[in-house]
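Engineer: If you're matching positions, the sequence shown starts at 792 in the working numbering and goes up one per residue.
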Amino acid sequence: MLVTRAIESTTRLSNRLTASTDSSSWANPGGESSCSVCSRTLLVRHASKKASVVSHSRQHSIEPVSRSGTSSGRQSPSIAVRSSGYEPRTSSWTRRYSPDASIALVGIRGTGLSTLAVMAAGALGFRLFDADQHFYQSTGLSRAQYKAQHGISKYRREEMNSLHTMLLHNPLKAVIVCGPGAVEASGQALVSRYAQTHPVVYIARNVTDVQRYLRVWSTEKITELVQLSASTLRSLSNFEFVNLYDLAGKGTDDTSRSGHHSPKSLTLKQVENDFLHLVHFLAGHDVHRSSQAAQHSLSGIPLEARPFTYAVTLPISGVETFCAETRMIDVSADAVELVVPLSALLPSGSDFDHSTADYISRQFYTLRRHTQLPIILNVQAHASRPSTEPVDLNCYLNALHHALRCAPEFLCVELRLDPDAIRDLVAVKGDSKLIAQSTAVRSSPSSWDAPEREAEVRLAEDLGADVVRITQEAISLADNFAVRHFVDRLQASGSHKIPIIAYNTGRMGQMSRYLNSVLSPVTDLALENHTTDPSSSFLLTPRQAQRALYSSLLLDAMYFGIYGDNVAQSLSPAMHNAAFRFCGMPHDYRVFEHATMLELKTLLKDPHFGGASITAPFKSEVMPMVDFISAEAKAIGAVNTVIPLRTPDVSSLLDRNMAGPAVALFGDNTDWMGIHTCVRRNLSPINAVKRRTVGLVVGAGGMARAAIFALARLGVQHILVHNRTLQRAEAMIEQFRGIDFRNTNTDTNTVENGAAAAATAAFPTISIIKDKTDAWPEQVSHPTIIVSCVATKTVDGQSSADTRLPSDWLGSPTGGVVVELSYTPLETPLLKQVRSLEEQGWIAVDGLQILPQQGVMQFELFTSRKAPVKVMLAEVMKSCRRTSIIGAGATSTTTPESRN
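1) By Cβ distance, which residues of its chain are closer than 7 Å to L1620, with the 5 residues on each side in sequence left out?
2) Considering only their Cβ atoms, is the gap separating V1313 from I1291 smaller than 8 Å?
3) Consult DSSP for C1197 and reduce its assignment to one of helix, strand or coil.
4) Count the other C-beta atoms from every protein chain shown that fall within 10 angstroms of the C-beta of G1285, then say buried if there are 16 or more, exposed otherwise.
5) By how many angstroms is the C-alpha of S1056 removed from the C-alpha of R1025?
6) Could you check where the alpha helix (DSSP H) with H960 kicks off and where it finishes?
7) Return helix, strand or coil for P1762, following the three-state DSSP convention.
8) Over what stretch of residues does the beta strand (DSSP E) that includes F1351 continue unbroken?
9) Should E1525 go down as buried or exposed, given a rule of 16 or more other Cβ atoms within 10 Å for buried?
10) Nearest CA to the CA of N1368: which residue from I1559, I894, V1660 and F1155?
11) In whole angstroms, give me the CA-to-CA distance for I1634 and F1457.
12) With a floor of 4 residues, list each alpha helix (DSSP H) that falls wholly inside the region 998–1043, ordered by position along the chain.
13) Using 8 Å as the Cβ pair cut-off and three pairs as the minimum, do the region 882–892 and the region 1213–1233 touch?
14) Using DSSP with H/G/I as helix, E/B as strand and the rest coil, what is E1423?
15) Rank M1668, M1663, C1671 and I1013 by C-alpha distance to the C-alpha of S1123 and give the top, closest one.
16) Three or more C-beta pairs closer than 8 Å, one from the region 936–954 and one from the region 1498–1509: is that the case here?
17) Look at the alpha carbon of L1394 and the alpha carbon of L1345, and state the distance between them as a whole number of angstroms.
18) Tell me the DSSP secondary structure of P1695 in three-state form.
19) Between F1329 and A1317, what straight-line distance do the alpha-carbon atoms span, to the nearest angstrom?
20) Taking DSSP's pairing of strands, which residues face E1384 in a bridge?
21) Taking only three categories from DSSP, how would you classify W817?
22) Would the region 1065–1075 and the region 1422–1431 be scored as touching if the rule is three or more Cβ pairs under 8 Å?
23) Quick one: is M957 buried, meaning 16 or more other Cβ sit within 10 Å of its Cβ, or exposed?
24) Mapping the DSSP letters down to three states, classify Y1101 as helix, strand or coil.
25) Would you report the Cα separation of P890 and Q1163, rounded to the nearest angstrom?
26) Can you tell me which of D1215, S1223, I1289 and L1225 puts its alpha carbon nearest to the alpha carbon of E1245?
27) Considering only their Cβ atoms, is the gap separating L1168 from R1214 smaller than 8 Å?
28) Ignore the nearest five residues each way along the sequence and tell me which others in R1626's own chain have a CB closer than 7 Å to its CB.
29) If C1203 and R1656 are in contact, beta carbons under 8 Å, what's the gap, nearest whole angstrom?
30) Look at A1469 and Q1282 and say whether their C-beta atoms are less than 8 Å apart.
31) With the cut-off set at 8 Å, would you say I1427 and L1652 are in Cβ contact?
32) Which of the three DSSP states, helix, strand or coil, is assigned to G1493?
33) Do the CB positions of H989 and A895 come within less than 8 Å of each other?
34) Where A1491 and N1448 are concerned, what is the direct C-alpha to C-alpha distance, given to the nearest angstrom?
35) By how many angstroms is the C-alpha of L1310 removed from the C-alpha of E1252?
36) Just to confirm, is the Cβ distance from A1450 to P1398 under 8 Å?
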């Protein structure tokens, strides 16, 4: 009966598809409805084996595992196995690939396959193969034309030949958009084999958006097709991506703090960010420190290895509310733990199905769209309190395996599962990290000292977990000291390598949670009125947790400052002090205005001095004073951030917020990071950096050197420099001669951030355009990235310098981005010129956006905490209004060389 109904259902859809080849050609180029044919085969195969699966499943159950790994006499809630409507756990993907492995995309038309492929190919420097274009190039005909001339049988053979050629002839450095042949029976087998050694990504999209884009058929018909095709497309892919194009253009912050709306050319920017996050993950890059992100000297340290990190606990039902509430405010946690309670999503006894999988994927990518934080996916087999009713193990495991398709940074798994089930997850987790978790039963006041606790850590490590998390409910204050003794004892023994998360739950356990160093659970003010979980009322916010650490004298109040000879009007103190207050830190940021470097040496003797922002003219002069220097600062030839170290090596660079005598000095440069970040965020997808991309830097001072370095790190291979003094421009170019921007480490006293990603230009071509009267060189493409480093000041409400560029230099047919480093006046002649060209795709970035971005990096180096970017940007704007930088009355002088 199941088989008959499956055939009848698929046949009805097949008839609808073939009834109108014109309208159905979007789903299958050429008008053929092979998608429905393969769906029928899949449904029949699934239906015919379901009974045997159920029969086989009933032979299995899971016995609770004791803390020593053997069968326990104490029974946890039983977990019975039943079959599932969607079983990703039966797939055998390893999700381990060569960094150069080609990436294949599958999905129905209208989901954005071609656009996403262009983005991925550009970001990775891969070749692009699109099934439609490949078919036309190999046959000289479109799919519809070929089928009309040669018939359906030859068309199918040619389609399979095309798919075979694209996949098997391009195993490396290619992004491949698979056509309709991928869902034919033979195509499925081919793509599935390909997925054993390559990432194959299923692209999904909201049905309404597909219909709006294609403008054919009703949403009901498209929904039916999506439902039939989803099982096939998931069965032959190992990752999936939800294209939230319907949200693109609305943005997380449509208006800049300077009051200018985001240009139309940035409409696809968020889609690009979303997809490239996944793409870099697939390529084995650390997505939070890839070539697309500026990196400081702490960027390479894994989140679980940093001290006092926090994960905000977010139920999946609250994702959209959380995203809306945090749209304009900072989330001060280091990660988001997305809690998926299966008991709330599925009726009792139900199988894990595609509808539930769709919901999880969409909520995951909605969260990814609105936060750049790592995501911890925690699929719960039980509700907030364990139930005595049977829980479907098969459903739980399928949900875990589906979660890996979304490529979360972390995935939680119950340590009490059968060890083989955990090993299966470890084998297919790819670069996702597994947190093995256990909610322990408190049997006595000394439960944390019981041997079973250490056995859990040993078991998690033996099974291949990356992190272990053990919790129990506290009933007395003594429990909090017991858990700290447990962790300290294990760390002192050196017998376990994986990070340990251990804390008590409940009201009495709050102390243990702020003392826990790794990914402590926290809440956020945005969730206060939107959660029904009673346990969340006992969670601290990150600010409360930080205040508790300082109040307990575990961390020390420090002071920082800006050091220079003309810094009395600097915006940095207000910006950093606002960030300290937001994060709950009792630190203070001051002004150190001096004419020499002697006073800096005095500051270094103070055990409570935490570091300084160095401005002109001391950025080069301070370099001989530092004992360790970042590779980037050495290459640029300037240090704008110094940090005292409490040990004679760089091991204490992570141990911030602790007083003590300074025994060494570390130097870094964050100027290039601010430029890099602003360019990357404002460069439209159509102007994504490619081999022919050209950048222009105006100026030849220290900030111009930082700009060149930033462009090279972005992958720009052709950089032109314009400066009024030719000799200074030539000297700057000579400084960079022979430097490999992918790896700028040159000696043992240089701190390397890790190898820059493949897109970085190793040896960019840097040349000079001498005069503004010169025409743009014919052999060079027009620039799409321009950084102006010209010093200006406001005189009688006007700019002291005419910073406009020849219109010929702004001749890029796709526009570009212009970054102005000076912010006095805020509206320079160059910015006025660029904003008049907005309809041509040009995007203007004023200097007030640069200052907070480089300050963000300094804050993170000073404190080892994630910076509240929006707070810092808002404070800069507030301070500007206070000091009249914004407004016609401004008379202060601000140059890229004098400002922080």
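Where is the CB? At the ideal position from N, CA and C, for every residue including glycine.
Since we're looking at a predicted model, the values are computed, not measured.
Structural biologist: Looking at the atomic coordinates:
1) Taking the sequence shown and counting its residues from 1, the one referred to as residue 1620 is at position 829. Per the sequence presented here, residue 1620 reads as Pro, with Leu not at that position. If we look at P1620 and ignore the five residues flanking it on each side, its Cβ neighbours are S1590, D1593, T1594 and R1595.
2) Along the sequence shown, read from residue 1 onward, the residue named residue 1291 stands at position 500. Along the sequence shown, read from residue 1 onward, the residue named residue 1313 stands at position 522. It is not a contact, given that the beta carbons lie outside the stated cut-off.
3) As a working note, residue 1197 is residue 406 in the sequence shown. C1197: coil per DSSP, three-state reduction.
4) Taking the first residue of the sequence shown as 1, we reach residue 1285 at position 494. Per the 10 Å Cβ criterion, exposed.
5) Taking the first residue of the sequence shown as position 1, residue 1025 is located at position 234. Taking the first residue of the sequence shown as position 1, residue 1056 is located at position 265. So the two alpha carbons sit approximately 33 Å from each other.
6) Counted from its first residue, the sequence shown places residue 960 at position 169. It is not in any alpha helix (DSSP H) - H960 carries neither H nor E in the DSSP assignment.
7) Any answer about residue 1762 is impossible in this case: the structure gives the chain only from 792 up to 1691.
8) As a first step, residue 1351 must be located in the sequence shown, where it is residue number 560. That run of the beta strand (DSSP E) goes Y1350 to G1355.
9) In the sequence shown, the residue the question calls residue 1525 occupies position 734. Exposed, because fewer than 16 other Cβ atoms sit within 10 Å of the Cβ of E1525.
10) Indexing the sequence shown from 1 puts residue 1368 at position 577. Of I1559, I894, V1660 and F1155, the residue nearest in Cα terms is V1660.
11) Residue 1634 sits at position 843 when you count from the first residue of the sequence shown. Residue 1457 sits at position 666 when you count from the first residue of the sequence shown. Cα-Cα distance, rounded: 36 Å.
12) 998–1005 and 1010–1026
13) yes
14) Sequence index remark: in the sequence shown, residue 1423 carries index 632 (1-based). If DSSP states are grouped into helix, strand and coil, E1423 belongs with the helices.
15) For the purposes of this step, residue 1123 is taken as the residue at position 332 of the sequence shown. If we check each option's Cα against that of S1123, M1663 comes out closest.
16) no
17) Stepping through the sequence shown from its first residue, residue 1394 is reached at position 603. Stepping through the sequence shown from its first residue, residue 1345 is reached at position 554. Near 23 Å, if we compare the C-alpha coordinates of L1345 and L1394.
18) With the chain represented from 792 up to 1691, any question about residue 1695 goes unanswered, as that position is not in the structure.
19) As a position in the sequence shown, residue 1329 is number 538, starting the count at 1. As a position in the sequence shown, residue 1317 is number 526, starting the count at 1. Approximately 15 Å between the Cα atoms of the pair.
20) Counting from one through the sequence shown, the residue named residue 1384 turns up at place 593. Beta-bridge pairing links E1384 to G1355.
21) The residue you call residue 817 lines up with position 26 of the sequence shown. In this prediction, W817 scores a pLDDT of 31, lower than 50, which makes its location untrustworthy; the coordinate-derived value is nonetheless stated afterwards. Looking at W817 - three-state DSSP - the assignment turns out to be coil, as it is neither helix nor strand.
22) no
23) Reading the sequence shown from its first residue, position 166 is the one you call residue 957. Answer is buried; the Cβ neighbour count reaches 16.
24) Counting from one through the sequence shown, the residue named residue 1101 turns up at place 310. Reduced to three states, the DSSP call for Y1101 is strand.
25) As a first step, residue 890 must be located in the sequence shown, where it is residue number 99. As a first step, residue 1163 must be located in the sequence shown, where it is residue number 372. Each residue's Cα considered, the two are about 23 Å apart.
26) The count along the sequence shown starts at 1 and reaches residue 1245 at position 454. Per the Cα distances, I1289.
27) The residue given as residue 1214 occupies position 423 in the sequence shown. The residue given as residue 1168 occupies position 377 in the sequence shown. Not a contact, by the Cβ cut-off of 8 Å.
28) Residue mapping note: residue 1626 aligns to position 835 of the sequence shown, counting from 1. Counting only Cβ-Cβ distances below 7 Å, and skipping sequence neighbours, we find A1635.
29) Sequence index remark: in the sequence shown, residue 1203 carries index 412 (1-based). Sequence index remark: in the sequence shown, residue 1656 carries index 865 (1-based). Actually they do not touch by this definition, with Cβ atoms about 24 Å apart.
30) Stepping through the sequence shown from its first residue, residue 1469 is reached at position 678. Stepping through the sequence shown from its first residue, residue 1282 is reached at position 491. The question names Ala, yet the displayed sequence has Cys at residue 1469. Not in contact: C1469 and Q1282 (Cβ atoms no closer than 8 Å).
31) Residue numbering aside, residue 1427 sits at position 636 when the sequence shown is read from its first letter. Residue numbering aside, residue 1652 sits at position 861 when the sequence shown is read from its first letter. No; because the gap between Cβ atoms is not below 8 Å, this pair is not in contact.
32) Sequence index remark: in the sequence shown, residue 1493 carries index 702 (1-based). G1493 falls in the helix class under three-state DSSP.
33) As a working note, residue 989 is residue 198 in the sequence shown. As a working note, residue 895 is residue 104 in the sequence shown. In this structure, A895 lies closer than 8 Å to H989 by Cβ.
34) Reading the sequence shown from its first residue, position 700 is the one you call residue 1491. Reading the sequence shown from its first residue, position 657 is the one you call residue 1448. Their Cα atoms are separated by approximately 37 Å.
35) Against the sequence shown, residue 1252 aligns to sequence position 461. Against the sequence shown, residue 1310 aligns to sequence position 519. So the two alpha carbons sit approximately 18 Å from each other.
36) What you label residue 1450 is simply residue 659 of the sequence shown in a count that begins at 1. What you label residue 1398 is simply residue 607 of the sequence shown in a count that begins at 1. Contact: yes.
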